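In terms of my numbering, the sequence shown opens at residue 1 and continues consecutively.
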Amino acid sequence: MTPRLVMVLSENWVITGPRDMRALVRMAVEAEQEGIDAVQVSEHVVLGPSAGASGVMENPRDYAYPGNQEPDMSWPSSLVLLSGVAAATERLRLVAGAVIAPLRHPLLLAKDLATLDLLAEGRLVVIPTVSWHEDEYAALGVPFRRRGDILDEQLDVLSRAWGPGPITHRGEHFAFDEVWVEPRAHRPGGPRMWFGGQHLHPRLLRRLVRYGHGFSPLGTPSDDDLRRLTEGLAAAGRSIDELELVGGIRGRFPDATSAADLDEALEALPGRLAAGFTTICFKPSMFIDDAAHVGRFCRDLVRKVAAFTP
């Protein structure tokens, strides 16, 4: 089966200006026209001085990872940008990647995601996360060390807020009585949700089993990770076949400014497919020098990926 392809729409500042949001929408439209399944937009609200504490990326075409970013790196509002993409496209799935849920009240988040899902007519995928940047939490007055507990409580609120009202909640971090969150999301139960992280820790496993429609690990999950995930889903009456397993291709850069070679990056694809990955992410700025070439690049990528599959 040919894998679904997800274009990373954020982080492409070497091929388009960080203030040009319309260019990103045009890139998404071209991706849809050339057979790409989805676009993904990640987020930060703010960055602080420790954003590059692990050393900033040598080549700005690379992926932004925890601790490798300049503190002035541009991160547009993911949900606002995806609203523009939703209005300009018809089939493209919209992946709100790395939505840092604890930085928002869950009722506000439920409202915004439901509205975006309605605008997209059910094409929204959400990756709720706690993220990694302590400066960001401090700036917004949210306790960094409690972020996992906050997210777990939020997921419970979201699951009920996207159902019939009224809902009442009495939790450690949030409390409210008899409220309706309308309009509700496009499909019953709300948008599809993926979860991921650097390791399949127990809390991530519980989230995947209870709420997950996809697993988007940072790197390749170990055989033990997949075994525990399979067993956890089976214990809940679910199958791992229900989950999208989300991976990616990554370019190798010959120096600090040059683009990577797509054919070389695709050499890793058969291994990804053999490991069970069904959805593959890519970032165009790793491989091309101009946003005007996105459509042609996507067309070439779709053709080359199809050649790897029956």
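For glycine and all other residues, C-beta sits at the position ideal for the given N, C-alpha and C.
Computed from a predicted structure; not experimentally measured.
- Following the DSSP letters along the chain, one finds Leu116 inside the alpha helix (DSSP H) bounded by residues 106 to 119.
- Segment contact: the region 22 to 40 against the region 59 to 66, fewer than three CB-CB distances shorter than 8 Å; contact not assigned.
- Using a 10 angstroms sphere on the CB of Lys283, the tally of other CB atoms reaches 16 or more, which defines it as buried.
- Around the beta-carbon of Met1, fewer than 16 other beta-carbon atoms lie within 10 Å, marking it exposed.
- In the structure shown, Pro128 falls within a strand segment according to DSSP collapsed to helix, strand and coil.
- About 5 Å separates the Cβ atoms of Arg147 and Pro102, confirming a contact at the 8 Å cut-off.
- Straight-line spacing of the CA atoms in Gly141 and Glu134 works out to 11 Å.
- Residue burial annotation: Val157 is buried, with at least 16 other C-beta atoms found within 10 angstroms of its C-beta.
- Counting of Cβ neighbours within 10 angstroms places Asp223 among the exposed residues, the total staying below 16.
- For Met27, the uninterrupted alpha helix (DSSP H) segment begins and ends at 21 to 33.
- For Phe297, the number of other beta carbons within 10 angstroms of its own is at least 16, and it is reported as buried.
- Assignment of Val85 by DSSP, reduced to helix, strand and coil, places it in the helix class.
- One Cα belongs to Phe287, the other to Ala260, and the distance between them is close to 5 Å.
- Here the region 107 to 125 does not lie against the region 47 to 57, with fewer than 3 beta-carbon pairs under 8 Å apart.
- The alpha-carbon of Ile100 is positioned some 11 Å away from that of Pro106.
- For Phe253, the closest C-alpha among the options Ala265, Ala307, Glu244 is that of Ala265.
- Residue pairing from DSSP leaves Met73 without any beta-bridge partner.
- The three-state secondary structure of Phe277, taken from DSSP, is coil.
- Listed as beta-bridge partners of Met57 by DSSP are no residues whatsoever.
- DSSP, read as helix, strand or coil, puts Gly148 in helix.
- Counting along the chain, the unbroken beta strand (DSSP E) around Val41 starts and ends at 38 to 41.
- Per DSSP, Thr168 is one residue of the beta strand (DSSP E) stretching across 167 to 170.
- For Asp177, the enclosing beta strand (DSSP E) starts and ends at 175 to 179.
- DSSP places Ala234 in the helix class (H, G or I) of the three-state scheme.
- Taking the Cβ atoms as the reference, Trp180 lies roughly 5 Å from Pro166, within the contact range of under 8 Å.
- Partner residues in the beta bridge of Ile100, as assigned by DSSP, are Thr129.
- When Ala268, Arg210, Pro310 are compared, the shortest CA-CA separation from Ala235 is found for Arg210.
- DSSP places Leu9 outside both helix and strand once states are collapsed to three, so it counts as coil.
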